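Peer 1: For reference, the structure I am asking about is given below.
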Amino acid sequence: MILAIQLLPLCLLIGLLASGRAGPLGACAAALAATLPAAWIAQGAMLPPGQGAGLDAATGLGRLLVRETMEAAWLALVPLGILAGGLLFHQAVGRISARHGFVPPGEQLFTAAFLLGPFSESVTGFGVGMVFAIGAVRRAGVQGAPAAAIAALALMLVPWGGLGPGTAVGAALAGLSGQAIA
């Protein structure tokens, strides 16, 4: 029974997103709200017999929420710093590009796939390089699957980038060096 209640937030999130009744923000908020009853029941189940309900469980839940919120905030500092740095880099590159006027599309594609994307991927990670690269590729006039394919090159050039680990595993399985398969 407890497991079913603990699965409720995930099922709610998937259901809301799959049905289209809520956007990502609303679905996540509803799923987070649904975790409170599950946490309260789980907290009550962890208390000694005779103390599973009422004020003890509510007090324990409050302590649990405060402790976990503080831990989550601490763990979120690094990804938030990385994303903030990536967004700052994106703004700086956008302003520099706007000042210089027209650049030939071939040069824009080369810059996006082999300079801008890999650099931002090496600085931020998490596939962010492809996000910057695909924006630059789309500004060069390439859309759809070709734009995604060109932007994916940004992830392959950084060994710890979004495609780096997969490229390394694929190279090992194929019996080739990482450079040869890339």
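In the working numbering, the protein residues as written are 138 to 319. All C-beta atoms in this analysis are idealised placements derived from N, C-alpha and C, irrespective of residue type, glycine included. Here the structure is a predicted model, which is why all the values come from computation and not from measurement.
(1) Which first and last residues belong to the alpha helix (DSSP H) in which residue 316 is found?
(2) Check whether the stretch 197 to 209 touches the stretch 167 to 179, counting contact only when three or more Cβ pairs, one atom from each stretch, lie closer than 8 Å.
(3) Thinking residue 273 and residue 248 are a contact (beta carbons under 8 Å), I'd like their distance in whole angstroms, please.
(4) Report buried or exposed for residue 314, applying the criterion of at least 16 other Cβ atoms within 10 angstroms of its Cβ.
(5) Note the first and the last residue of the continuous alpha helix (DSSP H) segment covering residue 158.
(6) Given a cut-off of 9 Å on the beta-carbon distance, is the pair residue 281 and residue 270 in contact?
(7) Figure out for me which residue from 245, 307 and 312 has the closest Cα to the Cα of residue 320.
(8) Whole angstroms are fine: how far does the CA of residue 178 sit from the CA of residue 306?
Peer 2: This is what the structure gives:
(1) The residue labelled residue 316 in the question sits at position 179 within the sequence shown. 315 to 318 is the extent of the alpha helix (DSSP H) around residue 316.
(2) A contact exists between the stretch 197 to 209 and the stretch 167 to 179.
(3) Position 136 of the sequence shown, counted from the first residue, corresponds to residue 273. Position 111 of the sequence shown, counted from the first residue, corresponds to residue 248. Confirmed, about 7 Å.
(4) The count along the sequence shown starts at 1 and reaches residue 314 at position 177. Under this definition residue 314 is an exposed residue.
(5) Counting from 1 along the sequence shown, the entry for residue 158 is found at position 21. No alpha helix (DSSP H) holds residue 158; DSSP gives it neither H nor E.
(6) If you number the sequence shown from 1, residue 281 lands on position 144. If you number the sequence shown from 1, residue 270 lands on position 133. Cβ distance not < 9 Å, so residue 281 and residue 270 don't count as in contact.
(7) Here the chain covers residues 138 to 319 and nothing more, so residue 320 does not appear.
(8) Within the sequence shown, the letter at position 169 stands for residue 306. Within the sequence shown, the letter at position 41 stands for residue 178. Here the alpha carbon of residue 306 sits roughly 43 Å from the alpha carbon of residue 178.
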